[in-house]
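**Student:** Please read through the structure below; I'll follow up with questions.
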Amino acid sequence: MLIDYLNLQFDVKGKTFKGFCMRIHDDFHLTYAVILEDCHSFCVWLDEKTTKWCYSKYASIDQMVLDQIIGQLDSRDSKLVTSS
């Protein structure tokens with residue numbers, strides 16, 4: 001279960017963001033639910049055809065915050081793939 005869970009904490013524009021990502025198992029994409037303190041939740045997923053991370057339309061937060069989250073997930077998932 002811990003493989004499917006990632007704690008988040010980072011700063012963007014002087015504001016600290018804390019929360020977590022939890023992998024959602026689906027048949028189509030590598031998908032994570034993102035929960036940030038003081039923000040609503042949303043999903044991010046890797047579109048394997050384009051190898052591009054996407055996010056739900058409900059992710060109405062600064063693009064720099066999304067970039068931080070996606071960067072941490074991308075780094076984490078590439079380590080998992082190379083160690084398998």
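Sequential numbering from 1 applies to the sequence shown in the UniProt record's numbering.
Even for Gly, the Cβ is constructed at its ideal location relative to N, Cα and C.
Less than 8 Å between C-beta atoms, sequence neighbours within five positions excluded: which residues of the same chain meet that for I24?
**Tutor:** T31, Y32, A33 and C43
**Student:** With Q72 and L6 assumed to form a contact (beta carbons below 8 Å), what rounded beta-carbon distance in angstroms separates them?
**Tutor:** 7 Å
**Student:** For H25, which beta-bridge partners are listed by DSSP?
**Tutor:** L30
**Student:** Which one of C54, D47, H40 and K52 has the shortest CA to CA distance from I61?
**Tutor:** That would be H40, whose Cα lies nearest to the Cα of I61.
**Student:** Here's a check: name, in chain order, each residue in its chain whose Cβ is nearer than 6 Å to the Cβ of L36, leaving out the five neighbours to either side.
**Tutor:** F17 and G19
**Student:** Strictly by DSSP, which residues pair up with D11?
**Tutor:** T16
**Student:** Name the two residues that bound the continuous beta strand (DSSP E) containing C43.
**Tutor:** Following the DSSP letters along the chain, one finds C43 inside the beta strand (DSSP E) bounded by residues F42 to D47.
**Student:** Could you compute how far the alpha carbon of K52 sits from the alpha carbon of W45?
**Tutor:** 8 Å
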